[in-house]
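The listed protein sequences derive, respectively, from chains B and Y.
Numbering of the first sequence is given in our numbering, commencing with residue -16 and proceeding in unit increments.
Numbering of the second sequence is given in our numbering, commencing with residue 1181 and proceeding in unit increments.
C-beta: ideal position from N, C-alpha, C; glycine also.
Before any comments, here is the structure.
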Amino acid sequence: MNHKYLRVKTLVSMLSLLLLPAMAWAQASISGKVTDKMGDELIGASVLLEGTTIGGITDLDGSYQINNIPAGSYNVIFTYVGYIKDNRTITLSDGQSLIVNMDLAENVLMLNEAVVVGYGTTQTRDLTGAVTSLNTEDFLEGNVNTPEQLITGKVAGVQITSNGGAPGSGSRIRVRGGSSLNASNDPLIVIDGVPVDNDGIAGSANALNLINPDDIESITLLKDASAAAIYGSRAANGVLIITTKKGVAGDQLRVTFGSNNAVTTIAQYTPVMSADEFRAFVNEFGTPTQIGLLGEANTDWQREIFRLGFATNNDISFSGGIKNLPYRLGLEYYSESGILQRSALSRYGASLNLSPKYFDNHLSFDVNGKYSYTNNFFANQGAIGAAVGFDPTQPINSDNENYGGYYEWVTAAGVPNVLAARNPLGLLYLRDDESNVYRFLGNVAVDYKFHFLPELRANLNVGGDFSRSNGTVFVPEFAASDFNRGGVNNQYEQEKNNKLLEFYLNYAKTFDVHKFDVIGGYSYQNWFTFSPAFPDVNVAGDTIIVADPFPFETENTLISFFGRINYTLKERYLLTATLRNDASSRFSPANRNGLFPSMAFAWRITEESFMQNTGSLSNLKLRLGWGVTGQQDIFNNYPYIANYSQGTGTAAYQFGNQFYYVLRPDGYDANIKWEETTSYNIGLDFGFNNNRINGSLDFYKKITDDLLATIPVAAGTNFTNQILTNVGSLENTGVELMLGYLAIDKDDITFEIGANATWNETEITNLSLVPDPENPGVLVGGVAGGVGNTIQIHTVGFTPFTFFAFEQLYDDQGNPIEHIPTEGQLGYVDQNGDGVITADDRVRSFNPQPNVFAGLYANLRVKKWRAGFTMRAEFGNYLYNNVASQRSFRNGSFGPNTLNNLSPAYYETNFRGTQLLSDHYIENASFARMDNMFVGYNFGNLGNSSVGLTLTAIVQNAFIITGYSGLDPEVAGGIDNAIYPRPRVFSINLNLRI
Amino acid sequence: MNIKSISIYAGLLGVALSLGSCFKDLDLEPPYGLNAEAVYSDPNNYIHVLAKLYAGLATTGNDGPAGQGDIAGIDEGFSSYLRVHWNLQVLTTDEAICAWEQDPGIPELNRVSITALNEWNQAMYYRIFFQLALCNEFIRQSADSRLSERGFSTADVDRIVEMRNEARFLRALSYYHALDLFGNVPFITEDDVPGAFLPPQIERPDLFNWVESELLAVAAVMRDPGTHEYARADKAAAWMTLAKLYLNAEVYVGQNRYTDAANFAKQVIDAGVYNLDPNYEHIFLADNHRSPEIIFPVAFDGLQTKTFGGTTYLIHASIGGILDPDEYGVNVGWIGLRSTPEFVDQFTDSVGDGRYLFAKDGQTREIDEVAQFTEGYAVAKWRNVDRDGVAGSDPVGDFVDTDFPLYRLADAYLMYAEAALRGGGDAGLGLNYVNQLRERAYGNTSGNVASIDLDFILAERCRELYWENHRRTDLIRFGRFTGADYLWSYKGGVKEGASIANHLNLFPIPASDIIANPNLKQNTGY
């Protein structure tokens, strides 16, 4: 035997391994129909012969057909999401065709639903932690292009704030208030078992938008430490697990086609003075020179820069099982033209899942691959602020060809006045900012149940998340925005490689009334980022800033061991304990290892015999949890290493006739390590009336110690004056309530309504090495208008990002009094009574975090009609209206040889000069938003074909109820300064099933 | 067990074995960074670290003009050593007022109502300690023992030791500024390795003694005046610092050290390598590195030493109203800095005195509104054009080439004259020095004076050295910074000026460091 033969034979044997399931032969068959108790067909219900991989899925009529069944006795299992699993025992002889129908009972509480948790799945009834799982039925419909928006408003304790209306923009996700200050507050996101990089990619607006929302089967949130601690040092801010759809063994080919086409419109414009109002204002207060600057036009700049947007989202999926090789292939094309002129995104995506099983299901594979290519055109968002401020009396176009023909403020010499606002349309149309992002996310999981000990299985998961991006920015040399430097012709590139290898052993066994499920594993993950250095050049090719001497390259590794024990006694006492040891390259060898334990106990009270006659109470479960999690995402991979960094060629210093680049020791904290969050959770799950009324109530407290905070270091003790170090502590306390009620449950009509509400409070409890009540805190929250102003502060005893401002005084008419100390007019409260207003008189007041946030949704089905809505509300959140504070004082209108438009807020203040730090601009931004309203009709099969059609009409962001005076009360961070407006979206969903 | 399952188990074993090899991935270092050992093991790197010590006076970070900032807590462009020092020394006095009332900390500087939370005060303090920490690191790493460990050649060691002397000078210079501005500050030397420790506070007299002895020691070993490369410090820079220390010794430690002040000023003058620039205006232009008068400059360059601080700030911020940026060699005015009428009054002769460099076009003399640039005469002393009127090297006109003369000969003349008047030297010689300056200013002897007194010296220092970071120290030495003896517009917060409390003669320790370092006691009155 030569080596070549050996290789060929190996190949053949490997191939045969894959094709093995195809070798069963045809003998008997079963078919039938699966309906609910009302007789309505259940589409996509799964039918499986227990102990085999033979099975099928019901089609649009609720019918299924399973062929090629060897003769014998079988237990046929029928499952459907949201219904109670049922079974039927049959005996088949050779050649027999049997009809087996089934009607399934709806499971309102879905206690038996499989829930994906870290390293495995469990059933809702067996959960011990605060876990919420949502699947396709719960997802928001409409023009949704990023996964997290599918569950906005649906989960108590989870606040999802979209970053604005730009195509493809992401969201800020906060689970239970956020337990970090300067470290990342984002939850860990795990997609099909691969924890992904939250940091995003250069050239992409959102790290999550590679996933086509239509590919998603379920999204699970691990909210408390007892559930999340299995993810150790990354889980302090919760874990979001995304699982994509898969094919079903033995199923026939199914094709679904979905198309959502949306028209997007601007919901509201930022209030500004009209051209005539502005003319009147300038004529009243301007000098003759300033009045002379007024133009003849009436331009509503905001109407000029915004447009009707359009978005189309088309996907087609093929799923089924080629024999016992279940597959699903999804293809997607998404394209959006945003409401801001020129902003656009298009995405092409493909996802493939293969999940074959071999050797009597002892060996199973789960192969996932997702690829996406995104092309972004980033419109110059500077135009949004410019449109608010640009003089409305000026025309769009000038009478000459300079600056692309756009009207611009120029100096006497005829060059652009660099201190004036730029023409918003010039900004938009003379800047080409494009990027291409390619991303592949994939993994292969191999699961092996030991032949000699089937209770024991080994699981190996190898995965990766690889992305490449490149982009260009071009501004022509004649554009006013970059006229001085001769335009811009720049490029950038980035590559990111995130590699994962995980292995675990799982042993599950039931002895009498004792049920054990034990898992132990190992995880290796490495993140690598590389960006080459490019110079900053102008259109003529002149270098404005030379390229950095080195490319940017950074890497970190996390190696972990983890274990979990689930013990269930008599199906009613549930105990979970987990332990994870993480070692991170981010910290020095002495601080590298961290141990993260958790314990949880649950008691299914209604299983007790003494609870058997409790009337309408159908479910009652108590959950107690404790755990320690960490956060190590600090945006720096080498914080403990004393390093010298080399200065750029523009920060050199001259000795004699030569310029020397500089070498600077960088600040570092040799002892830095992860922060630790200890959390406690008490939860109660309940159901009444056979769970038609159900809900859960959770109380939690999270205490973060060794809080990573950027604080001033004792002067002279480091190579910088502020450093990120483990210094403080922070607490979150909260209550979550989720309620669901199936109000009507009849053949032709069902109506369900659900609500959730969360009360959360965050407080910094320490912020210095030596706890000190006098600690003035750390100023944060930079605002526009002037240079270096801040409006927020981190202080002990207060919520992070608490507003820190002067307390405005008002006159008898309720108008604010301008603070003009030189005229002896105090506009602010002199808090310390020293007769002058100084920085010491600023007070801490409200904060941007809502005290309470809530969601409300309802779904009504009448025959083949469906309608519903999802609403979301936040209460007690405050916003600093930076748009108004920059534009509500008279002098702000008169720049050097230029005019700037004002906000109508000026009529209220009549301020002459800027009062940027007045609490007059801190507004209550409580709101209720109608996120989603829809009505749909299921046409059933078209004619006699097997093609089913559903049409749904959806309005997103339909209306908002708020007292906030600016554009939109929902601004992550609490400082409102001309965000890309969230559009109102009208769309039609078309779904075809073949 | 069949063959297939054996291969599966073998596979699992292989996986298990490969896992062990991953642990080395936990020891990661920045791929392009340099750790301290790597930096200092190459003798060619020392000059680059030294360049950062000097650049620490000029730039704000490692990425010009702004980026990778050295200190936090203030807008990076604001944080240049020279810019914050100028703001504390000049903007708090009659010499200047700034229109940027909306910017944090500026209104308090305009009105001398500094608190322990003031951003500029805090930035100065942390700039000084950034500089001290860097100098200490260089001095520590270039200790004789370390150099011999590394086995450098004698020539290399000699070069490095020379750099170490300059680092010691720069450290003493920053401690001198700390002494002058804050008085009682944390004290760290090369023996304090960075880490979590709390430095002790040194009292002003002790710091005075330390600065004095360190400067005396280092002056003895630095290069002779005028023998070093441009922009590097030599003996004369140390002597100038000593002269200043002694001239103000009554304020700092209550000692009469005027003889020492006069001696060191005279030593600089007698070194014979510095000459008055024949044209006063040339000292403040883009090509002022050619001026024979500059003893120790902070160097800037429109292309290679870019910053929003230093002279770029002084030039841009002085332009506004109808003043033409082209005449200053820059692209735009920042509409900020002007002068108070009381400062204008220091000039008794607006025609003959060539130092009267006010720009009055479109500007009023009086200031009714601080935020209004056009109120108060602008100052056209600092410009980014050369002697021939050609603009500096930055084609965009953003960043300037103009160097800042931290020390120049005229200051030595005036320090001698003042010390002499106060009994420390030859008053006749002092008068002669003053008349040399006036002759240069007038272009002839018409402005010469027959006699001078201390009041005249204070005014003459203002006329000669305005906007060069001296005024606050001078006013304090003459007892006119605080109290009501001398009022100027908006001193104390009112247009006509008001008395301010004496504790303002020292700036406060920033509140943040009082918290971070429990060893520190706040200066009296804050």
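Asked                                                                                                                                 : Found
Cβ of Ile1251(Y) within 8 Å of any chain B Cβ                                                                                         : yes
Same chain, Cβ closer than 7 Å to Ile905(B), neighbours up to 5 away in sequence not counted                                          : Phe786, Ala788, Ser828, Phe829, Tyr861, Tyr863
Gly1673(Y) (DSSP reduced to helix, strand or coil)                                                                                    : helix
Rounded C-alpha distance that separates Val1550(Y) from His1265(Y)                                                                    : 21 Å
Supposed contact pair Asn1697(Y) and Ala698(B) - C-beta distance, whole angstroms, cut 8 Å                                            : 7 Å
Three-state secondary structure (DSSP) of Phe682(B)                                                                                   : strand
Contacts around Leu1684(Y), its chain only, beta-carbon distance under 8 Å, and the 5 residues preceding and following it disregarded : Val1292, Ile1294, Phe1661, Thr1662, Gly1705
Backbone secondary structure at Ile322(B) - three-state DSSP                                                                          : coil
Beta carbon proximity, Glu1275(Y) to chain B, threshold 8 Å                                                                           : no
Partners in chain B for Lys1415(Y), counting only beta-carbon separations shorter than 8 Å                                            : Per Cβ cutoff of 8 Å: no residues; Lys1415(Y) is ~17 Å from chain B at best.
Burial state of Gly1556(Y), where buried means 16 or more other Cβ atoms lie within 10 Å                                              : buried
Distance CB(Gly15(B))-CB(Tyr63(B)) smaller than 8 Å                                                                                   : no
Interface residues of chain B facing Asn1215(Y) [CB-CB closer than 9 Å]                                                               : Ile624, Ala625, Asn626, Tyr627
Per-residue DSSP class, three states only, for Thr687(B)                                                                              : strand
Inter-residue Cα distance where the pair is Ser116(B) and Gln106(B)                                                                   : 11 Å
Cutoff 8 Å: Asp69(B) Cβ touching any chain Y Cβ                                                                                       : no
Contact set for Phe942(B): own chain, Cβ-Cβ below 7 Å, skip 5 residues either direction                                               : Met913
Distance between Asp1414(Y) and Asp1404(Y) (C-alpha atoms, nearest Å)                                                                 : 6 Å
N- and C-terminal bounds of the beta strand (DSSP E) containing Lys432(B)                                                             : 415 to 432
Range of the contiguous beta strand (DSSP E) that encloses His1496(Y)                                                                 : That residue, His1496(Y), is in no beta strand (DSSP E); its alpha helix (DSSP H) goes 1490 to 1497.
Collapsed DSSP secondary structure at Asn385(B) in the structure displayed                                                            : helix
Distance CB(Gly332(B))-CB(Tyr354(B)) smaller than 8 Å                                                                                 : yes
Beta-carbon separation (whole angstroms), Lys1600(Y) vs Ala1442(Y), contact threshold 8 Å                                             : The sequence given here places Ala at residue 1600(Y); Lys does not occur at that position. Right, the Cβ-Cβ distance comes to about 6 Å (below 8 Å), so this counts as a contact.
8 Å Cβ cutoff, Glu536(B) in contact with chain Y                                                                                      : yes
Residue environment, Leu(-11)(B), which counts as buried when at least 16 other CB atoms sit within 10 Å                              : At Leu(-11)(B) the pLDDT is 39, less than 50, meaning the model places this residue with poor confidence; the figure from the coordinates comes in the next sentence. Under this definition Leu(-11)(B) is an exposed residue.
Val1629(Y), enclosing alpha helix (DSSP H) - first and last residue                                                                   : Neither: Val1629(Y) is in no alpha helix (DSSP H) and is coded neither H nor E.
Ranges of the beta strand (DSSP E) found wholly within the stretch 1320 to 1387 of chain Y, counting only runs of at least 3          : none
Supposed contact pair Leu1387(Y) and Leu1359(Y) - C-beta distance, whole angstroms, cut 8 Å                                           : 5 Å
Test: Asp77(B) CB closer than 8 Å to a CB of chain Y                                                                                  : no
Identity of the residue in Thr111(B), Phe240(B), Ser154(B) nearest Arg965(B) by Cα                                                    : Ser154(B)
Buried/exposed call for Glu806(B), threshold 16 Cβ in 10 Å                                                                            : exposed
Within 8 Å, strictly: CB atoms of Asn118(B) and Ser29(B)                                                                              : no
Backbone secondary structure at Asn1316(Y) - three-state DSSP                                                                         : helix
DSSP beta-bridge partners of Ile1308(Y)                                                                                               : BP columns for Ile1308(Y) are empty, so no partner.
Chain-ordered neighbours of Gly639(B) on chain Y, where CB pairs are closer than 7 Å                                                  : Glu1409, Tyr1410
Local conformation of Arg967(B) per DSSP, three classes                                                                               : strand
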